[in-house]
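Numbering follows the numbering used here, in which position 170 of the sequence shown is assigned residue number 990; successive positions increment by one, without gaps. One structure below.
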Amino acid sequence: MPAMPKISVVILSHNKIDYTRTCIHSLLSTDYPDWELVIIDNGSTDGTAEWLKEFQEEAENHNVHVQLIFNSGNIGCSTARNQGIKASTGELIAFCDNDIALRNRSWLKVMAEDLQASDIGMVGPKLIYPFEPYDIQCAGAAVTKSGRIQFIGRGEKRNDLLYNVRKEVQCLISACCMTKKSILDKLGGFDEIFNPVEYEDIDLCYRIRSQGFKILYEPAVEMYHFENVTTEGTESLPNTYLIVKHSLIFKERWKSMFEKEQGPPEKAARWRHLPKRRLADIGELEVK
């Protein structure tokens, strides 16, 4: 792999135009010589598609090539991301949800360097809340023996030494992560059985690990994350049913692996509800 491989940054959008603008504009501060944006819009109806076309020209002025894919409706996260994978021309692919914002300009460089190790299959940053004191939202994810998901470090201080050590983790979430295109091509991308959303990212991590690769948490990179914006509005009974269905598929598929792992205790997976703020209530975010 070259010292500075080309990277494709794949972003999925579905409405939430203000968050999409914040996310994509922040990424223009990225300090990396060879990268592109591949943006898939899943049938937005709030003007996102029109804005993306305007942004494409702006990005070219920053020497960032942008590919746009427009779907007529919401075809699901897995299918849309798989479209992005096929369109990508980079050796590495970074996935970002449209509710993240850049904190470190060097994010691509740092994570690309991590992926130069032949045994690393995916790397992800420290996700932090976008308001003071910038506590941790997710420092990698862990899975209990019963298949419950724990967001490591959730609500803890971002400067806590415990969460500032690069380490192997069981999995990452798709809010922001990077992997090798060769791995995705071999695996066939995200499993579309998990459409429209939920568990497709955790499942991908396990599929990558089943090929002998490691998943790495990289605390030197921090990203702001507006939690649950991408899944907001999916709280209806049918969607709740789908989430439960997907969790059962995931647990059945990987239960033998759970039993072999040193996952956290069951009580660690209890969801910790934390204060949130909307984009409109937050000022300019610092980029380093």
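Positions of the beta carbon are idealized from the N, C-alpha and C atoms, including for glycine. All of these numbers come straight from a predicted model, not from anything done at the bench.
Through-space distance from residue j to residue i, alpha-carbon basis
| i | j | result |
| --- | --- | --- |
| K836 | E1086 | 34 Å |
| L848 | R923 | 12 Å |
| T1054 | N1048 | The predicted position of T1054 is uncertain, since its pLDDT is 48 and thus under 50; a value taken from the coordinates is nonetheless stated next. The alpha-carbon atoms of T1054 and N1048 are separated by roughly 10 Å. |
| K1080 | A1040 | 30 Å |
| R1197 | C1025 | Past the boundaries of the shown model lies residue 1197; the chain is included only from 821 to 1108, so the question cannot be answered. |
| N984 | R978 | 8 Å |
| M821 | T909 | Only weak support is given to the placement of M821: the predicted model assigns it a pLDDT of 47, under 50, and the value that follows is read from those uncertain coordinates. Straight-line Cα distance between these residues: approximately 15 Å. |
| H1066 | N883 | 40 Å |
| K965 | I993 | 19 Å |
| H1045 | D1011 | 24 Å |
| K1006 | K1000 | 10 Å |
| Y949 | A900 | 26 Å |
| G973 | A959 | 6 Å |
| D919 | I844 | 10 Å |
| A1089 | G1083 | 10 Å |
| I1028 | K1034 | 8 Å |
| V1064 | K1071 | 11 Å |
| H1093 | L832 | 26 Å |
| F951 | M1043 | 12 Å |
| L1105 | A921 | 8 Å |
| D851 | Y1061 | 42 Å |
| V963 | W1074 | 10 Å |
| C991 | N894 | 26 Å |
| I1102 | S1076 | 44 Å |
| V943 | E1038 | 7 Å |
Range covered by the alpha helix (DSSP H) that runs through residue i
| i | result |
| --- | --- |
| T840 | 837-847 |
| C1122 | This structure gives no information on residue 1122, because the portion of the chain shown stretches from 821 to 1108. |
| L832 | Segment 827-833 is the beta strand (DSSP E) holding L832; no alpha helix (DSSP H) there. |
| Q903 | 897-907 |
| D980 | No alpha helix (DSSP H) holds D980; DSSP gives it neither H nor E. |
Helix, strand or coil at residue i according to DSSP, with G and I counted as helix
| i | result |
| --- | --- |
| F1010 | coil |
| K1000 | strand |
| G941 | strand |
| Q876 | helix |
| F1078 | helix |
| A1100 | helix |
| A823 | coil |
| L928 | helix |
| I972 | coil |
| D861 | strand |
| N1059 | helix |
| W1091 | coil |
| L1068 | helix |
| V1107 | coil |
Counterpart residues of residue i in DSSP-defined beta bridges
| i | result |
| --- | --- |
| Y1044 | A921, I948 |
| H885 | E856 |
| C991 | A961 |
| L1036 | V943, E988 |
| D851 | Paired residue(s): none; D851 is not in a bridge. |
| A914 | V829, M998 |
| N894 | According to DSSP, N894 bridges with nothing at all. |
Top-ranked residue by Cα proximity to residue i, from the options
| i | options | result |
| --- | --- | --- |
| M931 | L857, Y1061, C997 | C997 |
| S846 | R901, S898, C916 | C916 |
| P953 | D980, Q936, S908 | D980 |
| E933 | K906, A879, R986, A921 | R986 |
| Q876 | E1072, G867, L888 | L888 |
| S892 | W1091, S864, K1096 | S864 |
| G1008 | S898, D838, W871, I831 | S898 |
| I1022 | G867, F971, E878, T850 | F971 |
| I860 | A823, E880, T842, N902 | N902 |
| P825 | G904, E870, L928, A900 | L928 |
| S878 | N862, R841, N1059 | First, the residue type needs correcting, since residue 878 is Glu and not Ser in the sequence shown. Taking only the C-alpha atoms, the option nearest E878 is R841. |
| L935 | S1030, S1002, G867, A1100 | S1002 |
| N1059 | R1090, W1091, N1015 | N1015 |
| V829 | C991, V886, S926 | V886 |
| L1004 | I913, I1102, K873 | I913 |
| T868 | H834, V943, V858 | H834 |
| D955 | E874, V989, E976 | E976 |
Any chain C beta carbon closer than 7 Å to residue i
| i | result |
| --- | --- |
| W855 | Among the chains in the structure shown there is no chain C, since it carries only a single protein chain. |
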